[in-house]
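Number of protein chains: 2
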Amino acid sequence: MTNPQVLLLVAHGSRGQKANDEVRLLTTKLSQKFEPGSVQVQCAFLELAHPSIASSIDQAATRGVRRITVLPYFLVSGRHVTVDIPEIVVQKSSEHPTVDIRLTEYLGAADCVVDMLSDMAKRAIA
Amino acid sequence: MTNPQVLLLVAHGSRGQKANDEVRLLTTKLSQKFEPGSVQVQCAFLELAHPSIASSIDQAATRGVRRITVLPYFLVSGRHVTVDIPEIVVQKSSEHPTVDIRLTEYLGAADCVVDMLSDMAKRAIA
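Spelled out as structure tokens, the structure:
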């Protein structure tokens, strides 16, 4: 297999390593949802933890990856989602013009978030 | 109907009002998942936005609400989830001993988060 695509789960990053490790564990679980060898699932952090988004994209490009999908692991569209992450994607796209770097919606934009919250709340209240 | 219970969706809060308004809209959608009159669904913010968690609990207690379920709208268990929110719940429980204030798991702890991410990623990659 050569040049598989990369799915980059981008989290904020925390001073607490436990929180960062949660993102890493989630990344491992997410990678198990894809056919082996089809997608390399990795995580990166906007700040406070490593690897950074920029370095993750640089390293993937250097390995010959030709498509990177950036999925923001954020709940609301604050400045990080609307400005900071898009700016990095635009910058890295210009530095790696042969790499197709796509930015998806952030997690909180998914319609099913409300269903998930409803399920959690109903279990807690019952 | 008297003394309905309250479900308090607790978000971090953002300097950007658009992000806070997203939480408010989500709260409205979440309230529609419950039988009318059974649960009052409200949102509160840890910082940077109003109402605060403490004031929301105080007001509910003053209205005669006897059970408040606090659901943290957070993805990872950083300090906010592990220390800040529990401290407020403990403090308010001692101030309102006749109110049953329960703290649920945070959203990111739900098993189905990985499925949601997987669905979003597969749609983006396809």
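These protein sequence lines map, in sequence, to chains U and H. If you count the first sequence from 1, you need to add 427 to reach my numbering. If you count the second sequence from 1, you need to add 427 to reach my numbering. Glycine included, each C-beta is placed from N, C-alpha and C at the ideal position.
**Request:** State yes or no: is the beta carbon of Ala446 of chain H nearer than 9 Å to at least one beta carbon in chain U?
**Result:** It does; some Cβ of chain U falls within 9 Å.
**Request:** With a threshold of 16 other CB atoms inside 10 Å of the CB of Ala553 of chain U, please say whether the residue is buried or exposed.
**Result:** Ala553 of chain U should be labelled exposed.
**Asked** What is the DSSP secondary structure of Gln469 of chain U, counted as helix, strand or coil?
**Response** Residue state for Gln469 of chain U is assigned as strand, using DSSP reduced to three classes.
**Request:** Could you tell me how far apart the beta carbons of Val497 of chain U and Leu457 of chain U are, in whole angstroms, since I believe they sit closer than 8 Å?
**Result:** Beta-carbon to beta-carbon, Val497 of chain U and Leu457 of chain U are separated by about 14 Å, too far to satisfy the 8 Å threshold.
**Message:** Here's the rule I'm using: 16 or more other beta-carbon atoms within 10 Å means buried, otherwise exposed. How should Pro524 of chain U be labelled?
**Reply:** Exposed: under 16 other Cβ atoms inside 10 Å.
**Message:** Measuring straight from C-alpha to C-alpha, what distance separates Glu522 of chain H and Ala481 of chain H?
**Reply:** Going by C-alpha positions, Glu522 of chain H is about 11 Å away from Ala481 of chain H.
**Message:** Excluding the 5 residues flanking Asn447 of chain H on each side, which residues of the same chain have their C-beta closer than 6 Å to its C-beta?
**Reply:** Ser441, Ala476.
**Asked** Using a Cβ-Cβ cut-off of 7 Å (strictly less than) and excluding sequence neighbours within five positions of Phe509 of chain H, which residues of its own chain qualify?
**Response** According to the sequence shown, residue 509 of chain H is Thr rather than Phe. If you ignore the 5 residues before and after Thr509 of chain H, its C-beta comes within less than 7 Å of no other C-beta in its own chain.
**Message:** Here's the rule I'm using: 16 or more other beta-carbon atoms within 10 Å means buried, otherwise exposed. How should Val517 of chain U be labelled?
**Reply:** By the C-beta density criterion, Val517 of chain U is exposed, having fewer than 16 other C-beta atoms within 10 angstroms.
**Request:** Report the three-state DSSP secondary structure of Leu453 of chain U (helix, strand or coil).
**Result:** Three-state result, Leu453 of chain U: helix.
**Request:** Give me the Cβ distance between Val503 of chain H and Glu449 of chain U, rounded to the nearest whole Å; I'm assuming they're in contact under 8 Å.
**Result:** Going by Cβ atoms, the distance from Val503 of chain H to Glu449 of chain U rounds to 5 Å, so yes, they are a contact pair.
**Request:** For the alpha helix (DSSP H) containing Pro513 of chain U, list its first residue and its last residue.
**Result:** Looking at the DSSP string, the run of the alpha helix (DSSP H) that includes Pro513 of chain U is 512 to 522.
**Asked** How do the region 533 to 552 of chain U and the region 525 to 532 of chain H stand: do at least 3 beta-carbon pairs fall below 8 Å, yes or no?
**Response** In short, these stretches touch, since the Cβ pair count reaches three.
**Asked** Applying a beta-carbon distance threshold of less than 7 Å, which residues of chain H neighbour Ser483 of chain U?
**Response** Ordered by position in chain H, no residue passes the 7 Å Cβ test against Ser483 of chain U, which lies about 15 Å from the chain.
**Request:** Spell out whether any CB of chain U is found under 9 Å from the CB atom of Ala471 of chain H.
**Result:** Judged by the 9 Å Cβ criterion, Ala471 of chain H is not in contact with chain U.
**Message:** Just to confirm my understanding: we take Leu534 of chain U, look at its own chain, exclude 5 residues before and 5 after, and list those with CB closer than 8 Å. What are they?
**Reply:** Same-chain partners within the cutoff: Leu498, Pro499, Tyr500, Phe501, Leu502, Val540.
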